[in-house]
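Undergrad:
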Amino acid sequence: MSEIISLFIGQSGNGVCTEFLKLIAEEHGLSENGKYQGDQGYQLENIQTYFEEQSSEKYISRSINIDVNPTPVENLQDSKYFPLLNQKNFIKPDFGNGISFAKGYYTHGSEISNDVENVIRKEVEKTNKFQGFQFIHSIAGGTGSGLASLLTEKVEEEYKKKAVYNYTIFPFTDPNKEKNLLAPYNIVLSLHYLIELSHFTILLDNDQLDYLSKKKLQIKEPDFNNFNSIISRCISGVTSSMRFPGKLNCDLNKICHNLIFFPRLHFVCPSIYPTNWLNSTGDEYFDIEEFTNQFLNSENFLVYIDPIKEKYFTIQSIFRGVLPIGSIEENLYKIQKYKQIQSPKWMNSNIINTAYSQIPPTNQNFDVTSLSNTTAILPKFKRLLNNFTNYFKKKMYMKNFSYDGMEEMEFLEAEVNFRDLIEEIQQQKEF
Ligand SMILES: Nc1nc2c(ncn2[C@@H]2O[C@H](COP(=O)(O)OP(=O)(O)OP(=O)(O)O)[C@@H](O)[C@H]2O)c(=O)[nH]1
Ligand SMILES: [Mg+2]
1 MSEIISLFIG QSGNGVCTEF LKLIAEEHGL SENGKYQGDQ GYQLENIQTY FEEQSSEKYI
61 SRSINIDVNP TPVENLQDSK YFPLLNQKNF IKPDFGNGIS FAKGYYTHGS EISNDVENVI
121 RKEVEKTNKF QGFQFIHSIA GGTGSGLASL LTEKVEEEYK KKAVYNYTIF PFTDPNKEKN
181 LLAPYNIVLS LHYLIELSHF TILLDNDQLD YLSKKKLQIK EPDFNNFNSI ISRCISGVTS
241 SMRFPGKLNC DLNKICHNLI FFPRLHFVCP SIYPTNWLNS TGDEYFDIEE FTNQFLNSEN
301 FLVYIDPIKE KYFTIQSIFR GVLPIGSIEE NLYKIQKYKQ IQSPKWMNSN IINTAYSQIP
361 PTNQNFDVTS LSNTTAILPK FKRLLNNFTN YFKKKMYMKN FSYDGMEEME FLEAEVNFRD
421 LIEEIQQQKE F
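Residues in the sequence shown are numbered from 1 upward in steps of one, following the UniProt record's numbering.
1) On a CA-only basis, which of L194, Y185, M398 is nearest E153? Give me that one, please.
2) Give a yes or no on whether the C-beta atoms belonging to V124 and I91 are separated by under 9 Å.
3) Nearer than 8 Å: is that true of the beta carbon of V238 relative to any heavy atom of ligand 2?
4) Run through the DSSP bridge pairs and tell me what I9 is partnered with.
5) Look at the alpha carbon of H199 and the alpha carbon of G29, and state the distance between them as a whole number of angstroms.
6) Determine the DSSP secondary structure at G132, reduced to helix, strand or coil.
7) Roughly how many whole angstroms lie between the Cα atoms of N400 and D367?
8) Is it buried or exposed for R121, if we count other Cβ within 10 angstroms and need 16 for buried?
9) Checking the sheet assignment: what are the DSSP bridge partners for F295?
10) I need the DSSP call for T314, collapsed to helix, strand or coil.
11) Of all the CB atoms in chain D, is at least one closer than 9 Å to the CB of G144?
12) Candidates V322, K254, M406: which alpha carbon is nearest S2's?
13) Helix, strand or coil, according to DSSP, for A140 in the structure here?
14) Nearest-angstrom Cα distance between L212 and Y273?
15) Span of the alpha helix (DSSP H) holding E53?
16) With H, G and I counted as helix, E and B as strand and the rest as coil, what does DSSP make of residue 436?
17) Would the C-beta of D404 count as close to ligand 2, meaning under 8 Å from any of its heavy atoms?
18) For Y338, which of helix, strand or coil comes out of DSSP?
19) Examine ligand 1 and report whether any of its heavy atoms sits within less than 8 Å of the Cβ of T143.
20) Rounded C-beta distance between Y165 and G132? I'm assuming under 8 Å.
21) Considering only C-alpha positions, which residue in the set L191, K380, I5 is nearest to E410?
22) Is there at least one non-hydrogen atom of ligand 1 closer than 8 Å to the beta-carbon of P307?
23) Would you tell me roughly how many angstroms separate the C-alpha atoms of S73 and D94, rounded to the nearest one?
24) Report yes if the C-beta of G10 is less than 8 Å from at least one heavy atom of ligand 2; otherwise report no.
25) Leaving aside the five residues before and after N300 along the sequence, list all residues of the same chain whose C-beta is less than 7 Å from its C-beta, in chain order.
Below, the structure written as C-alpha cells:
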C-alpha cells in the first residue's frame, strides 16, 4: 500500500479533478458518498493509494484543490462525487485570475504557499508508505504555471526521495483559441522549473485531446470535460498496476527509473488504446500484434507528435485486462528486434518495459497506457521556444511580469535552459 497525493491546480487542474474522481471512485467500488459498495476484494486491496479510510468502509480522496480564483474549486460542488473530496484541502482565495507566471509564483504564491504547505504536511502525515505527488495543471495560465512551479519546488525540497510528477497540459496551438496573451512566456518559464524539479512530466495538449474527442470518441463539439475524461483515463492507467493485482507491477519510482536515463530528459508522451472506448468494449476483434503496436500509432497519443522518424529512449506500457502476456511480450520483442522503433545507439536493446494489471477499466475488457520518452517532442518544443523568443526579443508584455517583481534575467535563464534541453534531446536523436 503506498499513497499518492494529488494536487489539482488552477482551472484546468480542477476541471480534471471531477472526471478523475468519478473514474477512480468507480474503479474502487465507491458510491458518491464515499461508501464502499463494491463486491470485489481487489477494489479495497490498494484503495489507500488515492483514498483515505475515514470510518469503516467510508473513504475520502487524498486530493488538494487550489485556485486563486475560487470559481473552479467551487464548481466541484456540481460533481456527484463532491462528497469524496476533502473540503479541508480546498485553498481558494479570491485574487482573480493569475494570468502571469509572476503572479502565480511570486505574488499569489507568497500569499498562499504556507497554507498549502500545511495542508500538504497534514496529508503526508496521514500516510503509511507515501510514494509521492501527482500535480495536474495547465501551463498557459498564471496559476497553473507559476503557482504549480512554486509548489513543485516546495515539495521537491521538503520530501526528498518521494516521486514528484506532473501531468502538464499545453494549450491549443491556434492563438485564436488561447485567450491568455502571456501563454508563450508562462509555458517556457514553467518548463524551466519542470526541467529542474519534476521527476517526470507527462505531456498533454488540447489540440490532440480535441482530435481524439472528435475522431475517436465521435463527439461533434467536444468540451473540456471530454478532454479531462481522456486525461483521467491516462492517470488511472499509469497507476493501475500499483492499485490492482497483476504481473510486474510498478510504482511511481519504478516507472521513473524505467523511463528516465538523464534526469533532465524526463518529458514523456502518453498514449492510450483503445481510444474509441466509449463506443466499444474492445472485444469485437482482438489481434495481439495490432494491439501491441498501438503505442507506436501517433493517433493514440495525448500530445501531438509524429513519432515515425524519431528515436525512443524508453517506453513504459501498462496493460490492463486478462491478456495473453506471453504473446504480448513476444510481439514487443519482435518490434525491438526488427527495429520497428529506433533508439540512440548507446541504448541496450530492451527499451520497452511492461506492467500488467488484470483489472480493466470500468466497462472495458482491456486497455494499454504507454509513456514514451522520445525525441518526437522536439518540433513542439522548438515551436514553443520560438514563440517565447519572438515575444522576448521585442520585450512584449514585460510590464505584466516586472510589476510582480520578476526580472529580465529570469527570462534569459529560462530561455537558455529550455534551449539547452532541446539541444540535449536533438543530440540524442542524432546518435
Ligand atoms: N484540458 C483542459 N484545458 C483547460 C481546462 N480549462 C482551461 N483549459 C485550458 O488551459 C489554459 C489556461 O489554463 P487555466 O487552467 O484556465 O489557467 P489557470 O491555471 O487557472 O491560470 P490563471 O487563470 O491565469 O490564473 C487554456 O489554454 C485553456 O484553454 C480544462 O478543464 N481542461
Ligand atoms: Mg484560472
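The beta carbon of each residue, even a glycine, is placed where N, CA and C say it ideally should be.
Note that the structure is predicted; figures quoted are calculated from it, not measured.
TA: Answer, in terms of the structure:
1) Put simply, of L194, Y185, M398 the residue whose alpha carbon is nearest the alpha carbon of E153 is L194.
2) No; because the gap between Cβ atoms is not below 9 Å, this pair is not in contact.
3) No - ligand 2 has no heavy atom lying nearer than 8 Å to the Cβ of V238.
4) DSSP lists I66 as the bridge partner or partners of I9.
5) Our two residues, H199 and G29, have alpha carbons roughly 31 Å apart in a direct line.
6) Under the three-state reduction of DSSP output, G132 falls in the strand class.
7) In a straight line, the C-alpha of N400 is about 45 Å away from that of D367.
8) Exposed.
9) Note: F295 sits in no beta bridge, so no partner.
10) Reduced to three states, the DSSP call for T314 is strand.
11) Any reference to chain D falls outside this structure, which holds one protein chain only.
12) With respect to the C-alpha of S2, the residue from V322, K254, M406 having the closest C-alpha is K254.
13) The answer is coil: DSSP assigns A140 none of H, G, I, E or B.
14) The straight-line gap separating the alpha-carbon atoms of L212 and Y273 is approximately 11 Å.
15) From DSSP, E53 is part of no alpha helix (DSSP H) but of the beta strand (DSSP E) over 51-55.
16) Absent from the model: residue 436. The displayed extent of the chain is 1 to 431, so no value can be given.
17) No, Cβ of D404 sits at least 8 Å from all heavy atoms of ligand 2.
18) Note: Y338 maps to coil in three-state DSSP.
19) Checking the Cβ of T143 against ligand 1 gives yes.
20) Right, the Cβ-Cβ distance comes to about 7 Å (below 8 Å), so this counts as a contact.
21) A check of alpha carbon separations from E410 across L191, K380, I5 identifies L191 as the nearest.
22) Judged by the Cβ position, P307 fails to qualify as a neighbour of ligand 1 at the 8 Å threshold, every heavy atom of the ligand being at least this far.
23) Looking at the sequence shown, residue 73 is not Ser but Val. Going from the Cα of V73 to the Cα of D94 covers about 11 Å.
24) Correct: G10 has its Cβ closer than 8 Å to ligand 2.
25) The beta carbon of N300 lies closer than 7 Å to those of S271, I272, Y273, T275, Q294 in the same chain, with the five residues before and after it left out.
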